[in-house]
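Read through the structure below, which is laid out as structure tokens, and then see the notes.
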Amino acid sequence: MVRLDKFLKISRIIKRRTLAKEVCDSGRAKVNERLAKPGTDVKPGDILDLDFGAKRIKVEILDTPENVRAYQAKEIYKVLEEIRIIQ
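Anchor point for the sequence shown: position 2 equals 2 in the UniProt record's numbering, and the numbering is continuous, going up by one each time.
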């Protein structure tokens, strides 16, 4: 298991951990349909819902390694749904 804010950074879904923390603190992150804090532990099989920027994304976590090389980042999650929000 790994903290949600760290997973978002190592997966490159969100580029910076501080931004990932802000998304979680503002109530725009859910793990398995429950509001999540930055320190929420995530594990393979969890479903993550995020609202950030002009995008809403739903992913399934496949792996939770401590570190990931950039080219491997997309292998630790699977995008289930991605919606662009028109403003």
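The C-beta atom is built at its ideal place from N, Cα and C for all residues, glycine as well. Given the structure is predicted, the values throughout are model-derived calculations rather than measurements.
Between Ala73 and Leu8, what straight-line distance do the alpha-carbon atoms span, to the nearest angstrom?
Approximately 10 Å between the Cα atoms of the pair.
Proximal residues to Leu35 (C-beta, below 8 Å), its chain only, five neighbours per side dropped
Excluding residues within five positions, the ones whose Cβ falls inside 8 Å are Gly27, Ala29.
Residues bridged to Ile83 [DSSP beta-bridge criterion]
Paired residue(s): Arg56.
Here's the rule: buried if 16 or more other CB atoms are within 10 angstroms of the residue's CB, otherwise exposed. What is Val79?
The residue is exposed, with fewer than 16 neighbouring Cβ atoms inside 10 Å.
Quick one: what's got a C-beta closer than 6 Å to Glu81's C-beta in the same chain, skipping five residues either side?
Once the five neighbours on either side are set aside, the close Cβ partners of Glu81 are Lys58.
CA-to-CA distance, Asp46 to Leu62, given in whole angstroms:
Leu62 and Asp46: Cα-Cα distance of roughly 8 Å.
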